[in-house]
Amino acid sequence: MINNILKVVLFLVACLLAYLLYNSIMGEIRYRKEVKRVEELVIDKLDKIRVAELAYKDVKGSFTGEFDSLINFINHGKLKILVEYGDKDDTTSVYRQEIREVSVKDSLFKDFNVDSIAFVPPMDTARFELLASTVVQGNVEVPVFQVTDPWPFDKQRSNPNHPKPALRVGSISEASYSGNWK
Numbered sequence: 001m002i003n004n005i006l007k008v009v010l011f012l013v014a015c016l017l018a019y020l021l022y023n024s025i026m027g028e029i030r031y032r033k034e035v036k037r038v039e040e041l042v043i044d045k046l047d048k049i050r051v052a053e054l055a056y057k058d059v060k061g062s063f064t065g066e067f068d069s070l071i072n073f074i075n076h077g078k079l080k081i082l083v084e085y086g087d088k089d090d091t092t093s094v095y096r097q098e099i100r101e102v103s104v105k106d107s108l109f110k111d112f113n114v115d116s117i118a119f120v121p122p123m124d125t126a127r128f129e130l131l132a133s134t135v136v137q138g139n140v141e142v143p144v145f146q147v148t149d150p151w152p153f154d155k156q157r158s159n160p161n162h163p164k165p166a167l168r169v170g171s172i173s174e175a176s177y178s179g180n181w182k
C-alpha cells in the first residue's frame, strides 16, 4: 500500500516537473516572439524617421535634431520632383521635363499618423532620442543624424556590452544612414 502511494506521489511530482520545464521553455519562446513583433514595429518607425530626415536634408541642406521641426516639415513641407514626359531617346515623340512640388505628407506619409513619429512603439509613451550634427569625412563636412530607441523592449539590448545594441538608425560619428539591425 505504501508502495502504491509512493508511486502516485512520484508520478505527480514527475508531471509537475514536466509541466514546469515545458512552461519555462514555452515562456522563453513566447517572449522571443513578442520581442520580434515589437522590434519590427520599432524598425518600421525608425525607417519612417530616416525617410523624413533624408527628405528634410534634401530641402533644408542639413538634418534636424528636433522632432517638432521634423513633424512640422512633414505636415507642411514640399518636395520638388522631376516629372518626365515622353522618351528622350525616341526622336518621334516630344520629350519634356517638368519640376513639380508635392506635399511631403501626401507623397511619403500618406497613411501614417505623423504626430506619433517621435514615440517608440508599441505603447507610444517613450520618445526616440534624435541627434543631428556634422562630421568631417575625407576633408568634407557631412551632415549626420542618429535616432536611438532609449528603452529597448529586449532588455539585453540595454546592456552596452551586449553584441546586439539598442535599435538605432544613422550614426552621429560617421556618415551612415542605415540601421544597426541589418
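Heads up, the final residue of the sequence shown is numbered 182 in my numbering, and it's a clean run with no missing numbers. Glycine included, C-beta positions come from ideal geometry on N, C-alpha and C. The model shown is predicted, which means the values in this text are computed figures rather than measured ones.
Cβ neighbour criterion (16 or more within 10 Å) applied to residue i
i      : result
LYS45  : buried
ARG96  : exposed
LEU10  : exposed
ILE2   : exposed
ILE5   : exposed
GLU39  : buried
GLU28  : exposed
GLN146 : buried
GLU84  : exposed
GLY77  : buried
Per-residue DSSP class, three states only, for residue i
i      : result
ALA118 : coil
SER176 : coil
TYR95  : coil
ALA166 : coil
GLU101 : strand
C-beta contact flag for residue i and residue j at 9 Å
i      : j      : result
LEU79  : VAL102 : yes
ILE99  : ILE74  : no
PHE112 : PHE67  : no
PRO143 : SER24  : no
GLY179 : ARG32  : no
GLY196 : ALA166 : Nothing about residue 196 can be reported from this structure: the residues present for the chain run from 1 to 182 only.
ASP124 : SER116 : yes
PRO122 : LEU41  : yes
Identified DSSP bridge partners for residue i
i      : result
SER171 : Partner(s): none; SER171 has no beta bridge.
ILE71  : Paired residue(s): none; ILE71 is not in a bridge.
LEU79  : VAL102
Residue range of the beta strand (DSSP E) that includes residue i
i      : result
ALA132 : 129-137
Opening and closing residue of the alpha helix (DSSP H) in which residue i lies
i     : result
PHE11 : 2-60
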